[in-house]
Every structure is written in structure tokens, then in C-alpha cells.
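Here numbering that gives the first Met the number 0 is used: the first residue of the sequence shown is 0, the next is one more, and so on. Don't be surprised by glycine CBs; every beta carbon is placed ideally from N, CA and C. Predicted model, so just to flag it, every value in this text is computed and none were measured.
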Amino acid sequence: MNMHPDYRVQRRLVPVTHFHEVNPLTSGRIGVVIDVETTGLDRETDCIIELAVQRFRFDDRGRIVQVGLPRVWREDPGIPIDPKITKLTGLAVDDVAGQAIDEEMAVEILSSADIIIAHNAAFDRPFIDRRLPAIADKPWACSMAELDWLELGFEGRALAHLVAQCGWFYEGHRAENDILALLYLLSHGLSDGTTILSKLIECSERPTYRVNAIDAPFDAKDRLKARGYRWDAAMRFWWKSVGQDESDVERAWLNSDVYAGYGEPAFIPVTACERHR
0 MNMHPDYRVQ RRLVPVTHFH EVNPLTSGRI GVVIDVETTG LDRETDCIIE
50 LAVQRFRFDD RGRIVQVGLP RVWREDPGIP IDPKITKLTG LAVDDVAGQA
100 IDEEMAVEIL SSADIIIAHN AAFDRPFIDR RLPAIADKPW ACSMAELDWL
150 ELGFEGRALA HLVAQCGWFY EGHRAENDIL ALLYLLSHGL SDGTTILSKL
200 IECSERPTYR VNAIDAPFDA KDRLKARGYR WDAAMRFWWK SVGQDESDVE
250 RAWLNSDVYA GYGEPAFIPV TACERHR
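1. Nearest-angstrom Cα distance between serine 279 and threonine 207?
2. Could you tell me the distance, in whole angstroms, from the CA atom of alanine 96 to the CA atom of isoleucine 80?
3. Which residues in the same chain as threonine 25 place their Cβ atom closer than 7 Å to its Cβ, once the five residues preceding and following it in sequence are excluded?
4. Per DSSP, which one or two residues make a beta bridge with tryptophan 167?
5. Examine the Cβ distances between the stretch 250-260 and the stretch 213-224 and report whether three or more of them are shorter than 8 Å.
6. Inspect the beta-carbon positions of valine 31 and alanine 133 and report whether they are closer than 8 Å.
7. For serine 203, report the span of its alpha helix (DSSP H) as first-last.
8. Considering only C-alpha positions, which residue in the set Arg235, Phe168 and Tyr228 is nearest to glutamate 249?
9. To the nearest angstrom, how far is the alpha carbon of glutamine 98 from that of arginine 7?
10. With valine 66 and leucine 182 assumed to form a contact (beta carbons below 8 Å), what rounded beta-carbon distance in angstroms separates them?
11. Tell me the DSSP secondary structure of arginine 156 in three-state form.
12. Please list the segments of the alpha helix (DSSP H) lying wholly inside the stretch 79-149, counting only runs of 4 or more residues, in order along the chain.
13. Going by DSSP in three states, valine 210 sits in which element: helix, strand or coil?
14. Can you list, in chain order, the stretches of the beta strand (DSSP E) that have 3 or more residues and sit fully within the stretch 211-266?
15. Go to leucine 68, then tell me how far its alpha helix (DSSP H) extends in each direction, as first and last residue.
16. When we look at the beta-carbon of glycine 152 and count the other beta-carbons within 10 Å, is it buried (16 or more) or exposed?
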């Protein structure tokens, strides 16, 4: 059936210890995949109710050569869990009552990482930084936002959809299942002989800038929005992220189409240690 043009076979994800054989001549680097389930979307007031992490080792070609055991903790938020969150995650108050994250173990695992990877790190990282401030300066990468999935031959960027295009399926919206799915996705081999992980590491290590359009004229808001800028409600200016190779073009556009000689934007260098906060 695998070879039949009218059928596609998908396989359930199963736990693994590695995806490639280890090369004894290389030491490799450590990564940790991470996922959280929370009481809501507000990074300041909502809380983690489930945290899953899994450590892995990868070689200099971005191949995963060793996978550790998953660690999953639930935590009582001390507040009611919205029925919509229960429907999404399967976690109700009784499922987390009296439980807590093993902070010492979680910090030990995350501290050992050369890179922490989440699928939508802009959501996960603020919750982790607040709950586990000891690892707040670790480098992060986002498999959802940092990769050009269309360029890599994929449609969409939702984790389950990407994994399905690789020929696998799983039950989503549970932290342990999501990190396993992410490991499989990162290990996926591409037509050029590289892996998704190698592409992500390359993107993560590339310097970027946060461009803050401070004091931009009010009548420039539509132009900024159309160019991909987002409104920072707390700081009250428009901003976007650009790569180092795009910075000169972006600066020229802002000076000509936004500021016109009155004021200038701020270009703030961003590394993986600051990204996705």
C-alpha cells in the first residue's frame, strides 16, 4: 500500500532512543525539546499546568543520535481551569491537584542544553522564563516561526500538519506527545541530505535585529502594518524582526517611507538567548 498512488500510509509515533547512529569521533551537542500546557494565553497571569521536556544529542550534521527519557510534570495552578482549556488539553482541576513541577530536575535538564527548542517558542518561553528564572538566559529556537516551511516543501506550519506530511500521526495537545512529535519532525531528512534540525540550528545562529519604529508618525501605521510590523502595546511603537542581510534595506525604507528625515528607528541586535521573549 505504501507504493500505491491512491493511498498514503501514516504511522503512529512511538518512543525512540535515536534516529541515527552516533559517530564516536564527534562529541555532539545537547538539545532539549519543550512544551507547556497552560491555564490560558496571558503570560503574566496564566500558569503552567503541564510541562514536558526531553533531552537529545545531535551531531555536527544536525542528526539526532541519542534521545533521553521524556520528563513530564503537572502543576496545580491554584485557580480554576477554564472548561475550554480542559477540552483542549484534557486536563481538569482533579488531574493537577496537589502536584508541582520538579523545579530542580527541570532546571538541571534545561541548563544542560546548548539549545532549547519549542514549536511556537513565543508562547512557551515567557511561561518558562517566569516559572524557571534560573534558565532565563538560555538560547531558544522556534521550529514554527524560524523556518521557511514552504521553501522546505511543506504546507502550513502547525505541528500536527507538518508531522502528517512526514507520514506520522499522534494525539496532539498533550505536552508529552507534542515533544515526541517535535523530535520526529526535527529528525526528518530533506532532499538535499540535511535535516530539519540542521536548518533550524542554522537559522537560530544567524544574527537578527528587532527593529523598533520609535516615534514613527501616526499616518505611517498602515504602511508599517502592511510591511509586517506589529504594535507593541506596552512600549507603544511598531516593531518587527529582520535578518542581518535585510537590515540595510529595512533601514533605508524606514528613513524614506516613514521618517522622511524626522527621527530614526532603533535596530537592536538579537541572539537566540533573547529571541522569542
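For this structure:
1. Lying outside 0 to 276, the shown extent of the chain, residue 279 is not represented and no answer is given.
2. Against the sequence shown, residue 96 aligns to sequence position 97. Against the sequence shown, residue 80 aligns to sequence position 81. Cα to Cα, alanine 96 sits roughly 11 Å from isoleucine 80.
3. Translated into positions along the sequence shown, residue 25 becomes position 26. Asp58 and Asp59, listed in sequence order.
4. On the sequence shown, position 168 is the one that residue 167 refers to. Tryptophan 167 is bridged to Arg10.
5. With a cut-off of 8 Å on Cβ pairs, the stretch 250-260 is in contact with the stretch 213-224, counting three or more such pairs.
6. Position 32 of the sequence shown, counted from the first residue, corresponds to residue 31. Position 134 of the sequence shown, counted from the first residue, corresponds to residue 133. No, the pair does not count as a contact, with Cβ atoms beyond the cut-off.
7. Position 204 of the sequence shown, counted from the start, is the residue given in the question as residue 203. Run containing serine 203: 195-204, per the alpha helix (DSSP H) assignment.
8. Mapped onto the sequence shown, residue 249 falls at position 250. Answer by Cα proximity: Tyr228.
9. Taking the first residue of the sequence shown as 1, we reach residue 98 at position 99. Taking the first residue of the sequence shown as 1, we reach residue 7 at position 8. Approximately 42 Å between the Cα atoms of the pair.
10. As a working note, residue 66 is residue 67 in the sequence shown. As a working note, residue 182 is residue 183 in the sequence shown. Confirmed, about 6 Å.
11. By 1-based counting over the sequence shown, the position of residue 156 is 157. Here arginine 156 sits in coil by DSSP.
12. 82-88, 92-95, 102-110 and 120-130
13. Numbered from its first residue, the sequence shown carries residue 210 at position 211. Looking at valine 210 - three-state DSSP - the assignment turns out to be strand.
14. 229-231 and 236-242
15. Reading the sequence shown from its first residue, position 69 is the one you call residue 68. Segment 63-73 is the beta strand (DSSP E) holding leucine 68; no alpha helix (DSSP H) there.
16. Walking along the sequence shown from the start, residue 152 turns up at place 153. Exposed.
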